[in-house]
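What follows is a single structure, written as structure tokens, with notes after it.
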Amino acid sequence: MRKIKIILMCLLLLGVSFTREVLVSIPKGASSSSIAKQLKEMDIISNETFFKLKLKLMKRENSFLYGNFLIDPDVPLQDLILQLQDRNRLALIKVTIPEGYNLYKIDKLLTEVGLIKENEFYSYTTSPNMFRHLIKDNPYLREEESVPRLEGFLFPDTYLFEYDTSVEKIVSTMFKNFEKKVIPLYLDAQMKKTLPIRLRKVLSFYNIISLASLVENEAMVDDERSMIASVYMNRMNKRMILGACPTVLYSRLLKGLPWKETLSYKDTEIESDYNTYLNTGLPPSPISSPGLKSIQAAMNPAKTPYYYFVSKRDRTHHFSVTEKEHLNWSRKLSKLDNN
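Residues are numbered in our numbering as their position in the sequence shown, beginning at 1, plus a constant of 553.
Put into structure tokens, the structure is as follows:
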């Protein structure tokens, strides 16, 4: 303790100053009297009447913003008032949504940082007509009005939100970011004619995002994204089942089952519209929020002869043309994993 006191004394002698910050929450529509009472209860001011008189002299009675403010309480009253009316003092929560996160994981993350109550985000993004409400002005998604969830269309990125941001505002911000980042990419591909004709005939914009979500959850290295997309495209063109393991994991989540690192054969038999081991074509909606690299891969899959891939120890994949070759490699890699 004596050492700490000596260090603090030295810092003060060197001119280092210390400030403490306090979080003050001003609700929407709060009056100057209610704010004065709150500040008095927090021991930030000593006299409510003097605070209101100072406001009147400064002609700032109606200049308060609402929200959560980080302020330095150890300043003159005039400066304190200005801090509580300064938008730059609004306290923000920084949250990063990783690529490949689904609605469940995003809900958990937003809950952990204190932005929402548990399940609030998930309930909102899967509520009836929510997709229709957000896409009403988007010509590329308007045809998908019956889609039951916003999975895949809330862009994975770093966001800054105020403490009391509503779930509606959070979702709207993420969707608008998706439109800002992804729609130009799609339009550019159309304009430059880099969007393959074979793809345009098979996939709508909505389905491109669904394909991208599969790529996002399968690819571990960027170089393989377009190859994985090509495998799925090749299988769809042959009307083969996709057999995508991430869709099985997603099916388990929809049924309230716990996450599994390794799937069993029995897992692939789970009854779900999202299970691409049982159903042909893409799942009814994306299964996660894909990043731009996966979306680009889905828009322009590589031209390959491959119909299969299996993961290796180094997180890359071995690609095969025939089922026989695929099964041989699967056995080889399984033996290596067991050694």
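Where is the CB? At the ideal position from N, CA and C, for every residue including glycine.
Bear in mind the structure is a predicted one, so any value in this text is a computation, not a measurement.
* Asked: Does DSSP put residue 738 in a helix, in a strand, or in coil?
  -> It is helical.
* Give a yes or no on contact between the stretch 791-805 and the stretch 872-885, applying the rule of three or more CB pairs nearer than 8 Å. => No, because fewer than three Cβ pairs between the stretch 791-805 and the stretch 872-885 fall closer than 8 Å, the two stretches do not touch.
* Is residue 706 helix, strand or coil when you go by DSSP? -> Correct three-state label for residue 706: coil.
* Is the beta carbon of residue 715 less than 8 Å from the beta carbon of residue 621? -> Against a cut-off of 8 Å, the Cβ pair of residue 621 and residue 715 comes out as a contact.
* Buried/exposed call for residue 805, threshold 16 Cβ in 10 Å -> Counting the other CB atoms within 10 Å of its CB gives residue 805 a total of 16 or more, which places it among the buried residues.
* **Buried/exposed call for residue 684, threshold 16 Cβ in 10 Å** => Buried.
* Beta carbon of residue 839 nearer than 8 Å to that of residue 757 -> Going by beta carbons, residue 839 and residue 757 fall outside the 8 Å limit.
* **For residue 638, the nearest candidate out of 619, 776, 885 and 721 (CA to CA)** => Residue 619 is the option with its Cα nearest to residue 638.
* Asked: Of all the alpha helix (DSSP H) runs that stay within the bounds of the stretch 623-692, which reach a length of 4 or more residues?
  -> Contiguous alpha helix (DSSP H) elements confined to the stretch 623-692 occur at 630-636, 656-665, 673-678 and 683-688, taking only those with 4 or more residues.
* Asked: Hey, out of 607, 886 and 801, whose CA is closest to residue 813's CA?
  -> Checking every option, the nearest Cα to that of residue 813 belongs to 801.
* CB-CB under 6 Å to residue 626, same chain, minus the five flanking residues each way: which ones, in chain order? -> Correct list, in chain order: 575 and 597.
* Asked: DSSP beta-bridge partners for residue 711?
  -> Paired residues: 649.
* Would you give the residue range spanned by the beta strand (DSSP E) that residue 511 belongs to? => An answer regarding residue 511 cannot be provided, because it is not within the stretch 554 to 892 covered by the chain.
* Asked: Is the beta carbon of residue 784 sitting closer than 8 Å to the one on residue 859?
  -> Between residue 784 and residue 859, the C-beta gap is smaller than 8 Å, which places the two residues in contact.
* Inspect the beta-carbon positions of residue 650 and residue 710 and report whether they are closer than 8 Å. => Closer than 8 Å, so yes.
* Asked: For residue 855 versus residue 761, is the C-beta spacing smaller than 8 Å?
  -> Remark: C-beta atoms of residue 855 and residue 761 do not approach each other more closely than 8 Å.
* Smallest Cα separation from residue 677: which of 578, 853, 864 and 719? -> Comparing Cα positions, the closest option is 719.
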